[in-house]
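Visitor: Take this structure first; my questions come after.
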Amino acid sequence: MDGGAESYDAAYAAWRRDPEAYWAAAARGIDWEREPARILAPELGAYGRWFPDGRLSLCHNALDRHVAAGRGGQAAIIHDSPMTGTCTTLTYAALLARVERVAGALAALGVGAGDRVVVYMPMVPEAAVAMLACARLGAVHSVVFGGFAAPELAARIADAKPRVVVAASCGLEPGRVVAYKPMLDAAIELSPHKPDACLILQRPQAVAELVPGRDHDFLAAEAAAAPHPCVTVAATDPLYILYTSGTTGKPKGIVRDTGGHAVALHHSMSMVYGLSPGEVMFTASDVGWVVGHSYIVYAPLLAGCTSVLFEGKPVGTPDAGTFWRVCADHRARVLFTAPTAMRAIKKEDPRGELPARYDLSNLAALFLAGERCDPDTAVWAERLLGKPVIDHWWQTETGWTITGNFRGLGLFPSRPGSGGKPAPGYHVAALDEAGQPVAPGQIGTLAIRLPLPPSCLPTLWQADDRFRAAYLEAFPGWYNTSDAGMVDAEGYVWVMSRTDDIINVAGHRLSTGAMEEVLASHPDVAECAVVGVKDMLKGQAPLGLVVLKSGVARPESEIVRELVALVRERIGPVAAFREARVVERLPKTRSGKILRATIRAIADGDRYNVPPTIDDPAILTELGETLGPAGR
24 MDGGAESYDA AYAAWRRDPE AYWAAAARGI DWEREPARIL APELGAYGRW FPDGRLSLCH
84 NALDRHVAAG RGGQAAIIHD SPMTGTCTTL TYAALLARVE RVAGALAALG VGAGDRVVVY
144 MPMVPEAAVA MLACARLGAV HSVVFGGFAA PELAARIADA KPRVVVAASC GLEPGRVVAY
204 KPMLDAAIEL SPHKPDACLI LQRPQAVAEL VPGRDHDFLA AEAAAAPHPC VTVAATDPLY
264 ILYTSGTTGK PKGIVRDTGG HAVALHHSMS MVYGLSPGEV MFTASDVGWV VGHSYIVYAP
324 LLAGCTSVLF EGKPVGTPDA GTFWRVCADH RARVLFTAPT AMRAIKKEDP RGELPARYDL
384 SNLAALFLAG ERCDPDTAVW AERLLGKPVI DHWWQTETGW TITGNFRGLG LFPSRPGSGG
444 KPAPGYHVAA LDEAGQPVAP GQIGTLAIRL PLPPSCLPTL WQADDRFRAA YLEAFPGWYN
504 TSDAGMVDAE GYVWVMSRTD DIINVAGHRL STGAMEEVLA SHPDVAECAV VGVKDMLKGQ
564 APLGLVVLKS GVARPESEIV RELVALVRER IGPVAAFREA RVVERLPKTR SGKILRATIR
624 AIADGDRYNV PPTIDDPAIL TELGETLGPA GR
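Going letter by letter, the sequence shown gives residues 24 to 655 in the working numbering.
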């Protein structure tokens with residue numbers, strides 16, 4: 024597509040000129056029971072509320088209106104599961120019928136508008152059905168990643184106080200079955216709040232024992248229920264709560280409002296991803312994360328697209344070509360995944376031989392988000408696919424992209440390593456410690472001028488003061504993203520690291536992200552992490568961990584010497600980069616984010632808690648043997 028800079032500049036200028044007119048136009052893409060007369064009420068909440076007098080049903084917008092418009096026979100969700108060897112398609116009509124009945128089943132258990140429902144499920148169609156059924160009732164869902172340990176699940180049950188928990192008997196991981204029901208039972212035992220009932224989807228791989236009087240079979244309850252109509256809610260009513268780990272140990276419940284979310288997500292599908300009704304989006308994430316909420320379930324359905332819901336891994340189910348197979352089988356127009364997935368694929372298939380086995384002619388673009396994509400991986404993927412590779416930056420708190428590139432506006436030239444330019448709705452700046460914008464190209468704390476656009480969190484669940492303290496107090500008039508980075512002279516935003524990953528080496532503030540960028544450029548490195556560790560002389564010193572590509576047979580000591588020299592050459596002696604270690608793997612969350620703070624604690628010999636989101640806790644023991652003070 025050509026003319027992207029002009030189209031983007033015009034759209035961004037239109038928003039800057041009249042933000043309310045811009046979002047009023049976007050709101051016309053949604054069906055309202057009562058159209059909002061006001062677009063923004065700045066006097067409400069911590070920074071204002073969007074569409075405060077509007078009423079709508081998000082479920083109607085995602086399902087009923089498409090069936091009424093004649094799209095009932097179109098695929099809504101394709102469940103592709105290499106874990107079970109099955110592929111199932113639900114049309115819009117079939118998905119609506121299931122959602123109507125599951126909403127009826129929840130209503131029969133006492134769930135009504137404003138009640139909470141915790142969803143604890145793997146990547147199965149019933150997870151999306153349960154979320155949409157809650158939206159149909161005006162109930163507030165809180166999806167907890169399937170397989171979360173009992174104490175973490177208990178903390179979320181205690182905070183959300185759900186009337187019902189919807190869960191599956193088990194989840195499937197490569198080579199193992201993870202029983203969910205014992206963890207759910209233990210969590211309910213631990214929680215001071217007890218749900219009235221549980222709906223349990225029995226999977227044949229591990230059938231669970233049901234507690235009499237409390238537990239009900241999901242499919243049986245669905246079959247017995249009467250279809251339930253849509254319940255409309257205020258645009259400012261919560262759609263869901265999504266918990267993120269808090270620094271105090273108490274999880275933060277991100278609140279998503281219904282109207283703003285519907286408007287922004289519907290708008291983003293055409294503007295950001297360039298997708299039209301009927302086209303296929305493959306978002307390789309999980310419904311337990313914000314990406315799964317926004318771009319597996321809600322946004323594709325709001326836009327009348329087809330969404331692929333994938334139960335598998337980027338490698339090992341069965342190989343590093345599985346994403347390309349899914350794209351080819353279902354003629355995906357857009358693939359959206361995390362940079363770490365691409366690095367895992369690159370590690371297993373460094374020569375990029377697997378995509379040639381599949382017909383990817385329908386794939387138009389690869390979108391990456393979750394953590395910053397190093398330039399080497401972005402360039403590798405673009406050469407491999409011959410398609411635009413778009414790294415876009417957003418957060419659980421925002422629900423959709425803060426910065427990116429915009430297929431619907433024609434695409435402008437990308438800059439590997441940058442997250443693109445701000446989406447209309449976001450005024451982004453890098454601030455110094457006094458809250459003043461720094462010069463273009465200088466690193467500061469990335470912040471967004473208030474008010475935040477539609478879909479961004481209005482507050483935390485039952486914690487308004489905590490919301491203000493966490494996000495708004497550091498820089499009055501701004502939302503603090505807690506990400507460090509810069510805005511260059513042309514308006515491109517560069518997210519380098521979390522602000523706590525800026526290290527202080529002998530008085531010099533240095534970005535670990537910049538050092539990771541250098542390490543990742545080495546031809547033998549598949550992925551890497553840099554953390555600041557304690558140093559008696561300099562206060563902190565950088566430590567690099569690298570995972571090598573498959574098939575690399577050179578001596579590790581030789582590679583390490585090259586890495587140290589490379590950082591010295593590209594960043595300079597000021598970085599004091601002298602230590603790199605080759606490791607088999609890096610500790611990550613299930614969403615693919617590298618657990619840098621945990622690595623730092625292990626290397627420093629400090630006590631740490633095993634993060635509840637960790638993909639495989641065993642790796643921490645492995646790292647402790649090589650990275651602790653004795654090992655170093």
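Beta carbons: idealized from backbone N, C-alpha and C, even for Gly.
Using a Cβ-Cβ cut-off of 7 Å (strictly less than) and excluding sequence neighbours within five positions of E43, which residues of its own chain qualify?
Guide: If we look at E43 and ignore the five residues flanking it on each side, its Cβ neighbours are I62, L63.
Visitor: Start and end of the beta strand (DSSP E) containing S192?
Guide: Premise fails: S192 is in no beta strand (DSSP E) and is neither H nor E.
Visitor: Going by C-alpha to C-alpha distance, which of A120, W484, A287 sits closest to V163?
Guide: Residue W484 is the option with its Cα nearest to V163.
Visitor: Can you find the residues in the same chain that come closer than 6 Å, C-beta to C-beta, to I12, ignoring five residues on each side of it along the sequence?
Guide: This structure does not reach residue 12, given that the chain is present from 24 up to 655, and the question cannot be answered.
Visitor: Heavy atom of the ligand COA less than 7 Å from the Cβ of R186, yes or no?
Guide: No copy of the ligand COA appears in this structure; indeed no ligand is present at all.
Visitor: If you check the beta carbons only, do K572 and P362 fall under 8 Å apart?
Guide: No, the pair does not count as a contact, with Cβ atoms beyond the cut-off.
Visitor: Just tell me which of S165, G508, V412, K275 has its CA closest to the CA of A486.
Guide: Comparing Cα-Cα distances from A486 to each of S165, G508, V412, K275, the minimum goes to K275.
Visitor: In chain order, what residues of the same chain have a beta carbon less than 8 Å from the beta carbon of E334, not counting five sequence neighbours either side?
Guide: Cβ within range, chain order: H102, D103, S104, P105, M106, T107, P145, M146, V147, L195.
Visitor: Rounding to the nearest angstrom, what Cα-Cα distance links A37 and A172 in this structure?
Guide: When rounded, the distance between both Cα atoms is 47 Å.
Visitor: Looking at the structure shown, is D372 part of a helix, part of a strand, or coil, going by DSSP?
Guide: Coil, per DSSP.
Visitor: Whose C-alpha, out of F600, A507, T267, is nearest the C-alpha of F168?
Guide: The option with the nearest alpha carbon to F168 is T267.
Visitor: DSSP on H102, reduced to helix/strand/coil?
Guide: Of the three classes helix, strand and coil, the one that applies to H102 here is strand, per DSSP.
Visitor: Name the residue from L265, H251, R226, A258 whose alpha carbon lies nearest to the alpha carbon of A178.
Guide: Ranking L265, H251, R226, A258 by Cα distance to A178 puts L265 first.
Visitor: Rounded to whole angstroms, how far is the Cβ of L454 from the Cβ of G467, which I believe are closer than 8 Å?
Guide: Indeed they touch by this definition, with Cβ atoms about 5 Å apart.
Visitor: In whole angstroms, what is the alpha-carbon distance linking W73 and A60?
Guide: When rounded, the distance between both Cα atoms is 11 Å.
Visitor: Tell me the DSSP secondary structure of N84 in three-state form.
Guide: Helix at N84.
Visitor: Find out if the Cβ-Cβ distance for the pair V256, R88 is shorter than 8 Å.
Guide: No, the Cβ-Cβ distance between V256 and R88 is not below 8 Å.
Visitor: Determine the DSSP secondary structure at C110, reduced to helix, strand or coil.
Guide: Strand, per DSSP.
Visitor: DSSP three-state call for P565: helix, strand or coil?
Guide: Of the three classes helix, strand and coil, the one that applies to P565 here is strand, per DSSP.
Visitor: Measure how close the beta-carbons of V188 and L207 come, nearest whole angstrom, since I'm counting them as under 8 Å.
Guide: About 7 Å; that satisfies the 8 Å criterion.
Visitor: The beta strand (DSSP E) spanning W659 covers which residue range?
Guide: Shown here, the chain extends from 24 to 655; a query on residue 659 therefore has no answer.
Visitor: Give me the Cα-Cα distance between V254 and L129, rounded to the nearest whole angstrom.
Guide: If I take the Cα positions, the gap works out to 13 Å.
Visitor: Per DSSP, K611 forms a beta bridge with which residues?
Guide: In the DSSP output, where bridge partners are listed per residue, K611 has I617.
Visitor: Taking its Cβ as the centre, do 16 or more other Cβ atoms sit within 10 Å of M509, making it buried, or is it exposed?
Guide: Classification for M509: buried.
Visitor: Count the other C-beta atoms from every protein chain shown that fall within 10 angstroms of the C-beta of P474, then say buried if there are 16 or more, exposed otherwise.
Guide: Buried, since its Cβ has 16 or more Cβ neighbours within 10 Å.
Visitor: Look at the alpha carbon of A28 and the alpha carbon of D511, and state the distance between them as a whole number of angstroms.
Guide: Their backbone Cα atoms lie some 16 Å apart in a straight line.
Visitor: CA-CA distance, V201 and R591?
Guide: Approximately 46 Å between the Cα atoms of the pair.
Visitor: Would you call the region 428–437 in contact with the region 286–302, where contact means no fewer than 3 C-beta pairs closer than 8 Å?
Guide: The region 428–437 is in contact with the region 286–302.
Visitor: Taking only runs of the beta strand (DSSP E) that begin and end inside the region 362–450, which ones reach a length of at least 3 residues, in chain order?
Guide: Complete beta strand (DSSP E) runs here, min 3: 388–391, 412–414.
Visitor: From E607 to P546, what distance separates their C-alpha atoms?
Guide: Computed Cα separation, rounded: 17 Å.
Visitor: Return the chain-ordered list of same chain residues with a C-beta closer than 8 Å to the C-beta of R604, the five sequence neighbours on each side being excluded.
Guide: Excluding sequence neighbours, R604 sits near L566, G567, L568, V569, V583, T649, L650.
Visitor: Can you tell me whether M154 is buried or exposed? The criterion is at least 16 other CB atoms within 10 Å of its CB, across all chains shown.
Guide: Counting Cβ neighbours within 10 Å, M154 comes out buried, since at least 16 surround it.
Visitor: Just curious, the beta strand (DSSP E) that G276 is in, first and last residue?
Guide: Where G276 is concerned, the enclosing beta strand (DSSP E) stretches over 275–280.
Visitor: So, are the CB atoms of A258 and T281 less than 8 Å apart?
Guide: Yes, they are a contact pair.
Visitor: CB-CB under 8 Å to R489, same chain, minus the five flanking residues each way: which ones, in chain order?
Guide: If we look at R489 and ignore the five residues flanking it on each side, its Cβ neighbours are K275, L483.
Visitor: Using 8 Å for Cβ pairs, my map puts V152 next to P185. What's the rounded Cβ distance?
Guide: That pair is no contact at about 17 Å.
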